[in-house]
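Letter by letter, the sequence shown follows residues 540 to 601 of the numbering used here.
Ideal Cβ positions, reconstructed from N, Cα and C, are used throughout, including at glycine.
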Amino acid sequence: MADATFEIYEDDAGQYRWRLVHSNGNIIADSGEGYASKQKARQGLESVKENAPDADVETLDE
């Protein structure tokens, strides 16, 4: 069983969003924006899944 699951849901404004939920119930990532359709939300999360494994991590100074 995975430690986290992607969920696609409709927000109060009728937009679709995705979130990554840990098995303990904590939301550990979200789409940050709404999409007009479930398909577009899925495309957004698939892009994250595809591109994130090799993404660099940068620490920004304030």
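Beta bridge counterpart(s) of residue i as assigned by DSSP
i: Ala568; result: Leu559
i: Ala543; result: His561
i: Glu549; result: Tyr555
Residue closest to residue i, alpha-carbon to alpha-carbon, out of the options
i: Ala541; options: Ala552, Gly564, Gly553; result: Gly564
i: Ala575; options: Trp557, Ile566, Ala568, Asn590; result: Trp557
i: Phe545; options: Asp551, Ser562, Gln554; result: Ser562
Neighbourhood of residue i by C-beta, 7 Å cutoff - its chain only, sequence neighbours within 5 removed
i: Arg581; result: Ile547
8 Å CB neighbourhood of residue i in its chain, flanking five on each side removed
i: Asp550; result: Arg556, Gly573
Contact set for residue i: own chain, Cβ-Cβ below 6 Å, skip 5 residues either direction
i: Leu559; result: Ala543, Phe545, Ile567, Ala568
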